[in-house]
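> Heads up: the sequence shown begins at 2 in UniProt numbering, then just goes up one per residue.
Don't be surprised by glycine CBs; every beta carbon is placed ideally from N, CA and C.
Next up is a structure, given as structure tokens.
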Amino acid sequence: EIGFYKDQFVDINENVVPIQERGHQFGDGVYEVIRVYNGKPFLLNEHLDRLVKSAEAIYLELPYPPERIYEIISEGLEKSGLTEAEIYMQITRGIAPRAHLFPTTPSVMSMTIKNARVVDKKKRIDGVTVTLMEDERWKNCYIKSLNLLPNVIAKQKAATNGHEEAIFIRDGFITEGSSSNIFIVKNGTLITTPATNFILHGITRAAVIKLASKCNIPFEERKFDREFLNEADEAFITSTSAEILPISKIDDISLSPNRPITNLLYNEYCGLYK
Ligand code: PMP
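Dropping the structure here:
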């Protein structure tokens, strides 16, 4: 495991963030989580493109050009000695006396490279339960912002009630999970929430949509409500760390354990990095 803060690699347990860091004091920054399989960062270009978009959306200049970020990632991976890893990286508006206006000091990148969190085999087979919750987030959920308080609280409430994930509802329609996107299958068609500003445009989500096209699975991006979700033939969540994870139950409503399309897509997804 290894850390990186402001131009240098550090021990992951070293205390390096100054008190007046805007990430620390304002959550003023953006981040990415990237999975490494067999020593290779998976869908790295897609993640860095999204990082650039998130940064632009909050008027944040990256501290390095993307080429330098690629270099730092490979250097870090080499130093870490890990091959099945998870890279967390964030860029903040830097270090300056606390005041809301943007400082003129440079932005700061930090990163950790750790062993990948692997989902339990049992969860992969049995599926996970989710609970529906009001989406109390702001209207710019497409930005991968450091401000995750509503997500953290939702995930904690879900866990306290024995659920794996909280699924958000905004104005009566399902948006996404607290740290995942959601798909359902109805009458052979794969359906997911449209990529508006109300959801994060997941990299795994995009990969699954491509795979559906490759497998000739009919696909639609459209809004759906709680009732439609409860009547799904299959449902699953997607994220970099969970990959494709079947949903077995939505609050008190159980879904069928037959998941032909979910299983097909999961096998195809694993094939992308194997
Ligand atoms: N939505 C939210 C709110 C998330 O936090 C995440 C994971 N970071 C996702 C969706 C899934 O995105 P990805 O597939 O890029 O990991």
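1. Can you tell me which of the three DSSP states R36 falls into?
2. Identify whether N268 lies in helix, strand or coil by the three-state DSSP scheme.
3. Provide the residue span of the beta strand (DSSP E) that contains V109, from first to last.
4. Less than 8 Å between the CB atoms is what I'm expecting for A236 and L256, so what's the real figure, rounded?
5. Taking N152 as part of the alpha helix (DSSP H), name the residues at either end of that continuous run.
6. Sorted by chain position, which residues of the same chain lie with C-beta nearer than 6 Å to D226's C-beta, five sequence neighbours on each side aside?
7. Verify whether the separation of the beta carbon atoms of S179 and A207 is less than 7 Å.
8. From the DSSP output, in three-state form, read off L218 for me.
9. Are there 16 or more other CB atoms within 10 angstroms of the CB of C142, so buried, or fewer, so exposed?
10. Taking 6 Å as the line, does the beta carbon of S240 fall inside it for any heavy atom of the ligand PMP?
11. My assumption, with CB atoms under 8 Å, is that T241 sits in contact with R36. Please give the rounded CB distance.
12. Can you tell which of I210, N268 and E165 has its C-alpha closest to the C-alpha of L191?
13. Quick check on DSSP: helix, strand or coil for F237?
14. Between E165 and the ligand PMP, is the CB less than 6 Å from at least one heavy atom?
15. How is Y89 classed by DSSP in three states: helix, strand or coil?
16. Is there at least one non-hydrogen atom of the ligand PMP closer than 6 Å to the beta-carbon of G173?
17. Going by the DSSP bridge assignment, what does N182 pair with across the sheet?
18. Would you mind stating whether L78 and I204 have Cβ atoms separated by less than 7 Å?
19. Using a Cβ-Cβ cut-off of 7 Å (strictly less than) and excluding sequence neighbours within five positions of N231, which residues of its own chain qualify?
20. Confirm, please, whether the CB-CB distance from K187 to D121 is below 7 Å.
21. First and last residue of the alpha helix (DSSP H) that includes Q26?
22. Could you tell me whether any non-hydrogen atom of the ligand PMP is closer than 6 Å to the CB of E222?
23. Residues in its own chain within less than 7 Å of P107 by CB, not counting five upstream and five downstream?
24. According to DSSP, simplified to helix, strand and coil, what is R171?
25. How big is the Cα-Cα spacing for I59 and V129?
The structure says:
1. strand
2. helix
3. V109 to N116
4. 6 Å
5. L150 to T161
6. G173 and F174
7. no
8. The sequence given here places Ile at residue 218; Leu does not occur at that position. Three-state result, I218: coil.
9. buried
10. yes
11. 5 Å
12. I210
13. strand
14. no
15. strand
16. no
17. T239
18. no
19. I251 and I254
20. no
21. R23 to F27
22. no
23. P64 and G95
24. strand
25. 34 Å
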